[in-house]
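Residues in the sequence shown are numbered consecutively from 1, following full-length UniProt numbering. Quick reminder that beta carbons are idealized off the backbone N, C-alpha and C, glycines included. Since this is a predicted model, take the numbers as computed values, not measurements. One structure below.
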Amino acid sequence: MRIHVVDAFTDRAFAGNPAGVVLLEEPAPDAWMQAVAAEMKHAETAFVHLPADTAETDHADDTGDRPLKLRWFTPLKEVDLCGHATLAAAHVLGGDRRFDTRSGILTCTARDGWVEMDFPADPAQPIEITPPLRAGLPGVTITAAARAVSDVLVQAASAAQVRALTPDLAALSEVPGRGVIVTAPGDRPGLDVVSRCFYPSYGVPEDPVTGSAHCTLASWWAPKLGRAELFAEQASPRGGQVRATLTGDRVRLAGRAVTVLAGELIV
1 MRIHVVDAFT DRAFAGNPAG VVLLEEPAPD AWMQAVAAEM KHAETAFVHL
51 PADTAETDHA DDTGDRPLKL RWFTPLKEVD LCGHATLAAA HVLGGDRRFD
101 TRSGILTCTA RDGWVEMDFP ADPAQPIEIT PPLRAGLPGV TITAAARAVS
151 DVLVQAASAA QVRALTPDLA ALSEVPGRGV IVTAPGDRPG LDVVSRCFYP
201 SYGVPEDPVT GSAHCTLASW WAPKLGRAEL FAEQASPRGG QVRATLTGDR
251 VRLAGRAVTV LAGELIV
């Protein structure tokens, strides 16, 4: 089995969000995939099942339009949707690819050095600002809170507060859902949105760049900013950039990626 490590949502190595990508020659047991993801220790590891007639090649160019089965695992559990590991898998397989996932068919298209992904939107509805949110985000003036299917979104008073935040991860682990997105308007020309994402209950204290969170961020900020196309920065220590375009109930996410390791998984 071929295995890769790809830095996603970046154009340089050792930035963005690293993801494992395992190319399976045949379906694998869930427990084995979970063990591999725990061994890799990345926020997510993607497992792509290639057809038997193409598994011996990395790019599998003759799969055509056939959707490839794709699943994602954190070090602790399987997730329903992952943007950066989807980007990483498409990057390994040549950019243009369709995947069959727990979130439906996801289409990836290579465009001018970027890979654009067609994802379902995940809009958030306003909720009460709870004690775990207040305790988990010291120094943040919370101007709004909302719940999407996957995450709780918290709007901060400024990008400076987002960038300076040192969260209380124990408190954030008490927030229902996958995790917490903290966001504010951009703080420089050409930057629309700043965010950071925390998923302690999934074994990911801070995710460097979270593609799926931008399905919520685009739905939140596009109407507030009055435009559908957004340029977003996830301001984690590694950092990364996402282009997000809201189109009805879908979000197009675009990012770049760099392969930093390629090898063979022998167990």
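Query: Own chain partners of Pro75 with C-beta closer than 7 Å, once the 5 adjacent residues on each side are dropped; Result: Ala37, Ala38, Lys41, Gly203
Query: First and last residue of the uninterrupted alpha helix (DSSP H) at Ala222; Result: 213 to 225
Query: Cβ distance (whole Å) where Lys91 is taken to contact Thr259 below 8 Å; Result: Sequence inspection shows His at residue 91; the Lys mentioned does not correspond to that position. Yes, His91 and Thr259 are in contact; Cβ-Cβ is about 7 Å, under 8 Å.
Query: Segment contact, 8 Å Cβ cut-off, at least three pairs: the segment 123 to 137 with the segment 221 to 233; Result: no
Query: Reference Gln155, options Ser195, Thr245, Asp112, closest by Cα; Result: Ser195
Query: Closest Cα partner of Ala171 within the set Tyr199, Phe47, Val115, Gly239; Result: Tyr199
Query: At least 3 beta-carbon pairs within less than 8 Å: the segment 225 to 237 vs the segment 91 to 104; Result: no
Query: Minimum C-alpha distance to Val149 - residue among Glu44, Arg134, Thr143, Val180; Result: Val180
Query: C-alpha distance - Val22 paired with Trp72, whole-angstrom precision; Result: 10 Å
Query: Cβ-based neighbour list, Val182, same chain, cut-off 7 Å, excluding 5 preceding and 5 following; Result: Leu137, Val140, Val154, Ala156, Val162, Leu165, Ser195, Arg196
Query: For Ala145 and Ala257, believed in contact at Cβ under 8 Å, the rounded distance; Result: Contact doesn't hold; Cβ gap of about 32 Å is too wide.
Query: Arg111 beta carbon less than 9 Å from that of Asp151; Result: no
Query: Delimiting residues of the alpha helix (DSSP H) encompassing Val92; Result: 83 to 92
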